[in-house]
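Following this note's numbering, the numbering of the sequence shown begins with 115 at its first residue and continues without gaps. Where is the CB? At the ideal position from N, CA and C, for every residue including glycine. Structure first, then comments.
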Amino acid sequence: MSPRRLFIAALAASLLAATSAAAEKIKVAVTGGPPAQVMEVVKGLAAKKGLEIELVEFSDYVLPNAALDAGEVQANAFQHQPYLDNQVRDRKLKIVSVGQTYTVPLGIYSKKYKSWADIPSGASIAIPNDPTNGGRALLLLQAKGAIKLKPNVGLKPTPLDIVDNPRKLKIVEIDAAQTPRSLDDVAAAAINTNYAAQAGLNPNKDAILIEDPQGPYVNVIAVRTVDKDKPWVKILVESYRSPEVKAFMLEKFKGALLPSW
Numbered sequence: 115m116s117p118r119r120l121f122i123a124a125l126a127a128s129l130l131a132a133t134s135a136a137a138e139k140i141k142v143a144v145t146g147g148p149p150a151q152v153m154e155v156v157k158g159l160a161a162k163k164g165l166e167i168e169l170v171e172f173s174d175y176v177l178p179n180a181a182l183d184a185g186e187v188q189a190n191a192f193q194h195q196p197y198l199d200n201q202v203r204d205r206k207l208k209i210v211s212v213g214q215t216y217t218v219p220l221g222i223y224s225k226k227y228k229s230w231a232d233i234p235s236g237a238s239i240a241i242p243n244d245p246t247n248g249g250r251a252l253l254l255l256q257a258k259g260a261i262k263l264k265p266n267v268g269l270k271p272t273p274l275d276i277v278d279n280p281r282k283l284k285i286v287e288i289d290a291a292q293t294p295r296s297l298d299d300v301a302a303a304a305i306n307t308n309y310a311a312q313a314g315l316n317p318n319k320d321a322i323l324i325e326d327p328q329g330p331y332v333n334v335i336a337v338r339t340v341d342k343d344k345p346w347v348k349i350l351v352e353s354y355r356s357p358e359v360k361a362f363m364l365e366k367f368k369g370a371l372l373p374s375w
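What follows is the structure, given as structure tokens:
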């Protein structure tokens, strides 16, 4: 073969290899609504870096992790870290988080008082009556200095775990879906963002206390443990945790999603 043909063959092989590397494809599991909407933005950014993402949308919170563990998808982005930890422990899944994304904040709202400082001693505070969200509300109150819980109480404290309550707040446990309606009867209520939005409440404007973006309930990107060091994982995480995605979240969701970076 002539030197010219050798050069052309080598160049063709190099271009083919580069094209193959640039055409890496993965499937990412999401749930509908904000997780899918954000990932659409990530998809466009990742494509510019040579990673093609196909979104696979699920309607529940169990199947995305099962699909990931089975290798049917290569990543998912829909859940917070405590939920992932429970799934890994209970279902013996071999998946791990590789990057934080955002918090869907739980907030304290009031119709009667403009700020937490205005809440009087002895006031009634409604919290969800399920262990996860009720515990989350109590942890928020502790983080803001309103109460103190037993040491090492974990992520599911109950009112029985309160060891210091200087303002003698009365904790009222009710169904999470009913917390917005309770605002007429209590001084304030801890309300999940989905229920707050349904009631016309904006966490960015209306909450008098709100979870921090870096709290324990920050959402994550998860992959199979065997894949965590693969090059595409870095591209996926960097594309997600980008200025463009942060700007989209803040503009689109108006505080209902708080970027963790």
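- Look at Thr246 here: in three-state DSSP terms it is helix.
- Check the Cα spacing between Leu169 and each of Leu350, Lys264 and Asn243: the tightest is with Leu350.
- Within its own chain, the residues whose Cβ lies closer than 7 Å to the Cβ of Gln201, once the five positions on either side in sequence are excluded, are Asn179 and Leu207, listed in chain order.
- Between Lys368 and Asn316 a beta carbon distance of about 6 Å is seen, short of the 8 Å cut, so the two are scored as contacting.
- DSSP, reduced to helix, strand and coil, places Leu372 within a strand of the structure shown.
- Assignment of beta-bridge partners to Val334 by DSSP yields Gln193 and Gln214.
- Under the three-state reduction of DSSP, Leu323 is assigned to strand.
- Straight-line spacing of the CA atoms in Pro280 and Gly236 works out to 10 Å.
- Judged by DSSP in its simplified three-state form, Asp298 adopts helix.
- The criterion of a C-beta distance shorter than 8 Å is satisfied by Gln328 and Ser374.
- In the DSSP assignment, Ala184 is bridged to no other residue.
- DSSP places Ser238 within a strand segment (E or B) once states are collapsed to three.
- With a contact defined as Cβ atoms closer than 8 Å, Arg250 and Leu297 miss out at about 18 Å.
- Residue nearest to Pro330 within the set Ser173, Ser211 and Gln195 is Gln195 (criterion: CA-CA distance).
- Classified as buried, Ala160 has 16 or more neighbouring CB atoms from the shown chains inside 10 Å of its CB.
- The residues Ile261, in chain order, have a CB closer than 7 Å to that of Leu255 in the same chain once the five nearest residues on each side in sequence are set aside.
- Counting the other Cβ atoms within 10 Å of the Cβ of Leu372 gives 16 or more, which makes it buried.
- Contact between Asp275 and Lys264 holds: CB atoms are separated by about 5 Å, below the 8 Å threshold.
- DSSP places Tyr223 in the strand class (E or B) of the three-state scheme.
- A distance below 7 Å between beta-carbons, with the five flanking residues on each side excluded, links Pro148 to the following residues of its chain, in chain order: Phe367 and Leu371.
- Taking Ile324 as the centre and dropping the five residues before and after it, the same chain places the C-beta of Pro219, Gly221 and Pro317 closer than 7 Å to its C-beta, in chain order.
- Less than 8 Å divides the Cβ of Asp244 from the Cβ of Ala290.
- Rounded to the nearest angstrom, the gap between the Cα atoms of Lys163 and Val142 is 16 Å.
- Distance from Thr293 to Ala311 at the Cβ level is roughly 13 Å; contact not present, criterion being Cβ atoms closer than 8 Å.
- Its chain contains Leu297 as the residues whose beta carbon lies nearer than 6 Å to that of Lys225, once the 5 sequence neighbours on both sides are disregarded; these appear in chain order.
- Non-local beta-carbon contacts of Asn333 in its own chain, meaning distances under 6 Å to residues more than five positions away in sequence, involve His194, Thr215 and Tyr216 in chain order.
- In the structure shown, the three-state DSSP call for Val267 is coil.
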